[in-house]
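Asks: Its first residue numbered -7, the sequence shown is counted upward by one per residue in our numbering.
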Amino acid sequence: MKLDSHALNQHLKGDLHGIYFLHGAEDLLLIESLDKLRAKAFKNEFKEKSRFTVRGRFNWDQVLGDLKTQSLFAEKKILEIHMPNSRPGKQGSEALITLVEEISDDQLLIIICGKLEKDILRSKWVGFLNKKSVCIECKKVYPSQLPMWIKSRLRDQGLSINREALDMFVALTEGNLFVAMQSIDRLLLMETEKSVTLEDVNQCVADGAHFDFFQLTDAAIMKKPSRVLRIFESLKKEGVQPFELMRVINWEIKNLYDLMIDIGDGVSVNKAMQQARIWPNKQKMIGSFLQSMNKQHMEDILDQACSVDKIIKGVNKGNPWDEISQLLFMFSSTSRTYQ
-7 MKLDSHALNQ HLKGDLHGIY FLHGAEDLLL IESLDKLRAK AFKNEFKEKS
43 RFTVRGRFNW DQVLGDLKTQ SLFAEKKILE IHMPNSRPGK QGSEALITLV
93 EEISDDQLLI IICGKLEKDI LRSKWVGFLN KKSVCIECKK VYPSQLPMWI
143 KSRLRDQGLS INREALDMFV ALTEGNLFVA MQSIDRLLLM ETEKSVTLED
193 VNQCVADGAH FDFFQLTDAA IMKKPSRVLR IFESLKKEGV QPFELMRVIN
243 WEIKNLYDLM IDIGDGVSVN KAMQQARIWP NKQKMIGSFL QSMNKQHMED
293 ILDQACSVDK IIKGVNKGNP WDEISQLLFM FSSTSRTYQ
């Protein structure tokens, strides 16, 4: 049985299954799902718990041994296996299959992993767990989904939020679900009115937004200069080094320029994107970007990127942050605006 994390509450209104497999990219949802399973298990008289974290040369025999060890008082037992890198290895894969096959009625097996990459999803042990367990996927909450996620969480607590306050809430917590949840908890402690206002958000929500490099380049490709500036300043505050940032920006700019040249040489847009291995969910965004640009503008962007690299390497003098800021302005502007 496969469930999204939001469906777990409804599932737990029924009887517990003997095996649960939690995985996904969203740590907060993994933690919450595990806490809910533990609480349900405790109500069902599971009083003992063994926890194993798989790292390095992990000894799987100790897990199999624990499975077969009977409690002195014959109490129900939870067996938790945490695999942060989601890669158990050959011995671990075989051990997991054995655990699933030999788990008894008075034992609850919970396996917790991070995000499963494509090669892991095709592995034998994952396929076996998909058939034998309740699989709960804790999917990443993307920026476009965050407003609905916040509204849903507030609604669960009997609160609503107006549009202005929601926009501010999202801006302050984007990319950091832990901060978003902590902020909701603070709102509850404030005993605020049923409708959360902008003043409530300013009082309770700290700026905990977290961004990565690719969110920055995506914002530039989507021609959102104000968002580019916000992410850029946030990354600077986090201590990102100019050379780290430029590694990603250079990679993105070069790919876009190569795409523009291929299309200009008569290669169809779809074929050019396939050859460049552009992800399907980014093709529309990149197509719009290329339509808004001309070759001269792209070459100016490449020249500016080259200038930044020379400053970082000490060949030329200058402030790399100022030059990166100028590069991002050029990158996120249309050819018409830039001219």
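The C-beta atom is built at its ideal place from N, Cα and C for all residues, glycine as well.
Every value quoted in this text rests on a predicted model; they were computed, and no experiment measured them.
Helix, strand or coil for His9, going by three-state DSSP, please let me know.
Replies: coil
Asks: Which residue comes first and which comes last in the alpha helix (DSSP H) that contains Gln318?
Replies: 312 to 323
Asks: Would the beta-carbon of Met160 fall within 8 Å of that of Val118?
Replies: no
Asks: Is the beta carbon of Lys32 less than 8 Å from the beta carbon of Leu4?
Replies: yes
Asks: Keeping to the same chain, check which residues put their C-beta closer than 7 Å to that of Ile213; ignore five residues upstream and five downstream.
Replies: Met277, Ile278, Phe281
Asks: Quick one, which of Asn51, Asp98, Asp58 has its alpha-carbon nearest Glu67's?
Replies: Asp98
Asks: Helix, strand or coil: how does DSSP classify Gln207 here?
Replies: helix
Asks: Using only alpha-carbon positions, find the residue among Leu121, Pro135, Ser136 that is nearest to Glu129.
Replies: If we check each option's Cα against that of Glu129, Leu121 comes out closest.
Asks: Please classify Glu191 as buried or exposed, where buried requires at least 16 neighbouring CB atoms within 10 angstroms.
Replies: Exposed, because fewer than 16 other Cβ atoms sit within 10 Å of the Cβ of Glu191.
Asks: Closest by CA to His202, which one among Cys196, Asp250, Val171?
Replies: Val171
Asks: Looking only at C-alpha atoms, which of Gly106, Lys215, Ser317 sits nearest to Ile23?
Replies: Gly106
Asks: Between Phe321 and Arg269, what straight-line distance do the alpha-carbon atoms span, to the nearest angstrom?
Replies: 26 Å
Asks: From Leu21 to Ser(-3), what does the alpha carbon distance come to, in whole angstroms?
Replies: 7 Å
Asks: Taking the alpha helix (DSSP H) that Lys116 falls in, what are its first and last residues?
Replies: 116 to 124
Asks: Use the C-beta contact count for Leu319: other C-beta atoms within 10 angstroms, 16 or more gives buried, fewer gives exposed.
Replies: buried
Asks: Can you give me the C-alpha to C-alpha distance between Ala157 and Ile176, rounded to a whole angstrom?
Replies: 13 Å
Asks: With a cut-off of 8 Å, do at least 3 Cβ pairs link the region 31 to 45 to the region 134 to 146?
Replies: no
Asks: Assuming the contact rule is C-beta atoms closer than 8 Å, Ser85 and Leu108 should be a hit. Round their C-beta distance to whole Å, please.
Replies: At roughly 13 Å, the Cβ-Cβ gap does not stay under 8 Å, so Ser85 and Leu108 are not in contact.
Asks: Taking only runs of the alpha helix (DSSP H) that begin and end inside the region 117 to 194, which ones reach a length of at least 4 residues, in chain order?
Replies: Counting whole runs of 4 or more residues, the region 117 to 194 contains the alpha helix (DSSP H) stretches 138 to 148, 155 to 165, 169 to 181.
Asks: Note the first and the last residue of the continuous beta strand (DSSP E) segment covering Leu(-5).
Replies: It spans -6 to -4 - the beta strand (DSSP E) in which Leu(-5) sits, taken as one unbroken run.
Asks: Just the Cα atoms here: how many angstroms apart are Gln275 and Trp313?
Replies: Note on geometry: alpha-carbon atoms of Gln275 and Trp313 lie some 30 Å from one another.
Asks: Across which residues does DSSP place Ser25 in a beta bridge pair?
Replies: DSSP lists no partner for Ser25.
Asks: According to DSSP, is Glu291 helix, strand or coil?
Replies: Glu291 falls in the helix class under three-state DSSP.
Asks: Spell out the partners DSSP gives Glu40 in its beta bridges.
Replies: Lys69
Asks: Have a look at His74, Thr209, Asp111, Ile73 and flag the residue whose alpha-carbon is nearest the alpha-carbon of Gly317.
Replies: What sits at residue 317 in the sequence shown is Ser, not Gly. Out of His74, Thr209, Asp111, Ile73, Thr209 has the C-alpha closest to the C-alpha of Ser317.
Asks: How close, in whole Å, do the beta carbons of Gly10 and Leu100 come, if the pair is a contact with beta carbons under 8 Å?
Replies: Confirmed, about 6 Å.
Asks: Helix or strand or just coil, what does DSSP make of Thr90?
Replies: Three-state result, Thr90: helix.
Asks: On the DSSP letters alone, give me the boundaries of the alpha helix (DSSP H) that Leu0 sits inside.
Replies: 0 to 3
Asks: Beta-carbon within less than 6 Å of Tyr103's beta-carbon, same chain only, minus the 5 sequence neighbours each way: which residues are those?
Replies: Note on identity: in this sequence residue 103 is Ile, with Tyr being the wrong assignment. Cβ within range, chain order: Phe13, Ile73.
Asks: Report the rounded CA-to-CA distance for Ser324 versus Glu93, giving the unit in angstroms.
Replies: 55 Å
Asks: Just to confirm before moving on: does the CB-CB distance between Lys132 and Glu18 stay below 8 Å?
Replies: The answer is yes: Cβ separation under 8 Å.
Asks: Across which residues does DSSP place Ile245 in a beta bridge pair?
Replies: In DSSP, Ile245 forms no bridge with anything.
Asks: Between Lys69, Glu244, Met173, which lies nearest to Gln149 when the distance is taken from Cα to Cα?
Replies: Met173
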